[in-house]
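Quick notes on the structure that follows.
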Amino acid sequence: MNILVCIKQVPDIEKIKIDSAKNEMIMTGVPNIVNQFDTYALETAVRIKDANPETRVIVVTMGPAQTKDALKNCLSVGADKAYMICDDILSDSDTLVTSYVLSQAAKVIEEREGQPFSLFLCGKQAADGDTGHVGPQLAEYLGLPQITSAMEISIDGNKVLVRRLTEEGAEIKAAEMPALVTMSQTEYEPRYASVKTKMAANRAEIPVLTASDLGLDAACVGLGGSPSKLIKTFVPERKKGGLKIEEETGELSAQKLVALLSDAGAI
1 MNILVCIKQV PDIEKIKIDS AKNEMIMTGV PNIVNQFDTY ALETAVRIKD ANPETRVIVV
61 TMGPAQTKDA LKNCLSVGAD KAYMICDDIL SDSDTLVTSY VLSQAAKVIE EREGQPFSLF
121 LCGKQAADGD TGHVGPQLAE YLGLPQITSA MEISIDGNKV LVRRLTEEGA EIKAAEMPAL
181 VTMSQTEYEP RYASVKTKMA ANRAEIPVLT ASDLGLDAAC VGLGGSPSKL IKTFVPERKK
241 GGLKIEEETG ELSAQKLVAL LSDAGAI
């Protein structure tokens, strides 16, 4: 069984600062990391491989040349192979175009590896865009059943079993493979690389797929091929602190609250 894990390199959001005068993020000096939910997807895939040694885990990402670092990180924690989609004409692609490119890459990788993918794993959303679009859109492009926001995955024959949380509690979903699952935070943490696996990952050759390799039309990708447009970015106004009511008893506090709301015309 082959598993394809889609990952994204994102800026470490904890290190980002905001220029309030320009309404812009200050990205200078901000390190890039593998998107957190994608690390759960990869860890889940590697755990499946641990239980089924014949399984191969392949990771793919789309981005600039420096995303190779993220892929090497994935190789160091258990991925068997990595592919990088890199081409200048793909810059500024929105999530719809990104999903389409990934779908075409999946087909090319299947041909190169000589075996179809049984399972596709993605993080449920990326820390930078936070849309949660790519996984579901990729499933649509590939014509696959999809289950979102999984906390745990197991394989039962030709089915993938998924535990996910809803507002009503936990539920178990099943889908015939091939299928796509997006991962939420799991109860287990992603493993760490050892010095030995890091050294091996640094020596690994990572194939690069271009738009030409994927048979993409330049007019249908990048900013020009993306139907969604970014209109404006801004920093939300900081709300003023509320009024704290502290009377001698809860009943008196409630009475004062009602009086204040009444005076304000709220009730």
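Residue numbers 1 to 267, in our numbering, belong to the letters of the sequence shown in order. Each residue gets a CB set at the ideal place from its N, CA and C atoms; glycine is no exception. Predicted model only: the values in this text are computed from it and were never measured.
Here T182 is near K124, since their CB atoms are less than 9 Å apart. From the listed residues G157, T131, A139, the smallest Cα separation to Q104 is found for A139. The way I'd put it, the region 166-173 doesn't touch the region 198-211; fewer than three beta-carbon pairs between them come closer than 8 Å. Counted as a single uninterrupted DSSP element, the alpha helix (DSSP H) harbouring I48 occupies residues 36-51. About 15 Å separates the beta carbon of I147 from that of I48, a gap too long to meet the 8 Å contact definition. Contact between T98 and M84 fails: their C-beta atoms lie close to 14 Å from each other, not under 8 Å.
In the displayed model, N2 falls within a strand according to three-state DSSP.
Rounded to whole angstroms, the separation of the alpha carbons of K107 and T210 is 14 Å. For P11, no alpha helix (DSSP H) encloses it; the enclosing beta strand (DSSP E) starts and ends at 9-11. Two segments are said to touch when three or more pairs of C-beta atoms, one from each, lie closer than 8 Å; by this definition the region 117-131 does not touch the region 233-246. Here S194 is exposed: its Cβ has fewer than 16 other Cβ atoms, across all protein chains shown, within 10 Å. In the structure shown, the three-state DSSP call for V57 is strand.
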